[in-house]
Amino acid sequence: MDKKIIYSAVQPSGNLTIGNYLGAIRNWVRMQDEYECFYAIANMHAITVKQDPAELRRRTLELAALYLACGLDAEKCALYVQSHVPQHAELCWVLNSVAYVGEMSRMTQFKDKSQKHAENINMGLMDYPVLMAADILLYQAQCVPVGADQKQHVEIARDLAIRFNNRYGETFAVPEPLILKGGAKICSLQEPTKKMSKSDENPNASIFLTDDRDTVIRKFKRAVTDSGSEISASDEKPGIANLLNIYCAFKGCALADAEHEFEGRGYGEFKLAVGETVADALAPVQREKERIMSDKTYLNDVLKSGADRAFRAARRTLSKVYRKIGFYQGE
Ligand code: TRP
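Per the numbering used here, residue 1 is the first one in the sequence shown, and the count goes up by one each step.
So, in C-alpha cells, the structure goes:
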C-alpha cells in the first residue's frame with residue numbers, strides 16, 4: 001500500500017524555541033519513518049513581513065542544519081527550500097482565482113499581523129493562506145502536522161481543494177490538519193499562561209535551541225514561579241506546571257514521577273535541575289548543527305536532492321491542474 005503523504009513547513013524567521021522542538025521538530029522526525037514526508041523551509045512565506053536579506057539567507061541554512069541535527073534523514077524525507085520549487089508560486093496563482101477576498105480578510109493570522117505590521121499590510125500577507133494551500137495541495141498531502149495556530153490555514157487549504165475539485169473534477173487530495181500537542185503546551189518562562197513564542201520581545205521568556213548552557217540555566221533560574229513551595233502541576237501553579245512539563249518532555253517521564261522526584265525540594269533546586277536537563281539535551285544537537293553548518297557541500301546536496309524530489313511531485317500535480325483549468329501545454 002502507498003504510504004500516507006505528510007506535508008509541513010516552517011518559516012526561517014526568528015530562532016526556534018524548545019516549544020518548536022518539542023511540538024514540531026520531534027514529530028517531523030518521528031513521522032519520517034512511517035510516511036512519505038515533504039518538509040519545507042518556507043522562505044516565500046517569510047517575506048510577507050520585512051526580512052533582512054542576509055539574515056533570511058543565513059536562517060534558511062541554519063534551519064536546514066538544525067532539522068538535520070535533530071534527526072531528519074535526507075534519505076527518508078524530502079527536506080527543501082520552498083523557493084527552490086517554482087510550482088509553489090505557480091499553483092498559488094491558480095488558487096488565487098478560486099479563493100475569495102472575503103474569506104482571506106477574515107483569517108485570524110491576517111488580522112493579527114495587519115495589526116502588528118500596520119505600516120506593511122502587503123498583498124502577500126493576505127495571500128499567505130493561499131500560498132500555504134498551494135504548498136500542501138501540490139504534494140497531494142493527506143495530513144499536515146501543525147501547531148494549533150495553523151489549524152485555520154489547513155482548513156482553508158481543505159476548502160480550496162474541495163472547491164477546486166467540485167469546479168474542475170477530482171484533482172487534489174483533501175488534507176487533514178494534525179494538531180501537534182508535543183506532550184504538553186510549552187509556555188513562556190515569564191508569563192506562563194502564554195505560549196512560548198520565538199518572537200517574544202522578552203528574551204528571558206523563551207529558551208532557544210541555540211542558547212548555550214549558561215544562558216539556558218540562567219533563564220530557568222529567572223523563570224517566574226508561583227507562590228507556595230510545593231512542586232506540583234496544578235492549574236493554580238502555571239509557572240511550576242510549565243517547568244514540570246518541560247522537564248518531563250526532555251526526560252521522557254510522567255508528570256507524577258517528576259512531582260515525586262522533587263517532593264520536599266525547593267524551587268531553586270528544581271529550576272536548576274530543569275535547566276541542566278534542557279542544556280544537556282540541547283548540547284549534542286547544537287554540536288551536530290555546527291558540524292553540518294561547516295559542511296556546506298553536504299548541506300547544499302541535501303537541499304538539492306530534497307528540491308529535486310519535491311519538484312517531481314509538484315510538477316505532476318501542477319500539470320494536472322493546468323490541464324483541468326484549460327491552460328494549453330503543447331500537444
Ligand atoms: N505557516 C506555517 C507557520 O508559520 C508554515 C507553513 C508554510 C506551513 N507552509 C506550510 C505549515 C504548509 C504546514 C503546511 O508555521
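Here a beta-carbon is modelled for each residue, glycine too, at the ideal position from N, C-alpha and C.
- I136 and P175 look like a contact to me (Cβ under 8 Å); what is the Cβ gap, rounded to whole Å? 5 Å
- Item | Proximity to P284 [Cα-Cα], best of R315, D308, L189 and A69 | A69
- Message: Please report the distance separating the alpha-carbon of C77 from that of Y7.
- Response: 10 Å
- Buried or exposed: which applies to T108, given that a residue is buried once 16 or more other Cβ atoms fall within 10 Å of its Cβ? exposed
- Classify W28 as buried or exposed, calling it buried when 16 or more other Cβ atoms lie within 10 Å of its own Cβ. buried
- Under 9 Å between C-beta atoms of L318 and H84: no
- Query: Going by the C-beta, is Q190 closer than 8 Å to any heavy atom of ligand 1?
  - Reply: no
- Message: Taking the beta strand (DSSP E) that A78 belongs to, which residues open and close that run?
- Response: A78 to V81
- 9 Å Cβ cutoff met for A40 and A310: yes
- Message: For D226 and I240, which I take to be in contact (beta-carbon distance under 8 Å), what is that distance rounded to the nearest angstrom?
- Response: 6 Å
- Counting Cβ pairs, one atom from each stretch, are 3 or more of them under 8 Å apart for the region 89-98 and the region 54-65? no
- CA-CA distance, F262 and I231? 7 Å
- Task: Give me the Cα-Cα distance between A258 and D211, rounded to the nearest whole angstrom.
- Result: 24 Å
- Message: Below 8 Å on the Cβ atoms is my contact criterion, and I expect L16 with L209 to pass it. Report the Cβ-Cβ distance as a whole number of Å.
- Response: 5 Å
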